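Participant: Let me begin by handing over the structure; questions about it come next.
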Amino acid sequence: MTRLTHSEEETQAVARELAATLNAGDVVLLSGALGAGKTAFVRGLAVGLGVDPDEVSSPTFTLVHEYRSGRLTLYHADLYRLEKAATDDLGLEEMGATDGVLAIEWPDRLTHALPGAVTVDLEITGETTRRITVGG
Ligand SMILES: Nc1ncnc2c1ncn2[C@@H]1O[C@H](COP(=O)(O)OP(=O)(O)OP(=O)(O)O)[C@@H](O)[C@H]1O
Ligand SMILES: [Mg+2]
């Protein structure tokens, strides 16, 4: 599925729709350049899962944030600052598996694939426009 959005709000709306289809154990891999809207998309996932989106920030020093107030726990990882090998130790694979949804920014840092993950690619097509492709 490919969608064009014209604002952060529209991007969050796409994410809310996706959130409605997610189940415990699902993994969402968010790819796209700096500022493409990956964190904005996670805020939309949060809304869709019933988590307060204001809780969602760009993880800086904490690699994985955990939001428990929704229908499913939302785990949010940002691997941007990590060397590839370092992601092995995070236990990401186990994290979403039981009670929640795991959203990962910069999944190209992962050393092995997470089978069955939903892929979300955000492409900057203009100052406020994005092409969002959801697959997997
Ligand atoms: N259509 C759009 N969809 C999403 N964000 C948009 C859109 N138009 C403009 N923006 C702006 O782009 C920025 C996206 O920032 P965001 O932090 O979500 O990006 P990111 O992909 O997480 O970046 P990073 O790689 O640094 O983590 C925000 O400032 C947002 O307001
Ligand atoms: Mg981000």
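The sequence shown begins at 990 in the numbering used here and counts up by one.
Quick reminder that beta carbons are idealized off the backbone N, C-alpha and C, glycines included.
From a predicted model like this one, the values you see are computed outputs, not experimental measurements.
1) Looking only at DSSP bridge pairs, what is Thr1062 linked to?
2) Taking 8 Å as the threshold (C-beta atoms), are Leu1011 and Val1040 in contact?
3) Any idea which residues DSSP pairs Arg1119 with across the strands?
4) If we define contact as Cβ-Cβ less than 8 Å, is Phe1030 a contact residue for chain C?
5) Looking at the unbroken alpha helix (DSSP H) that takes in Val1017, where does it start and where does it end?
6) Going by Cα to Cα distance, which pick from Glu999, His995, Ala1004 and Thr991 is closest to Val1090?
Facilitator: This is what the structure holds:
1) Gly1089
2) no
3) Thr994 and Ile1113
4) Of the protein chains in this structure there is only one, and it is not chain C.
5) Taken as a continuous stretch (DSSP letters only), Val1017 belongs to no alpha helix (DSSP H), being part of the beta strand (DSSP E) at Val1016 to Ser1020.
6) Ala1004
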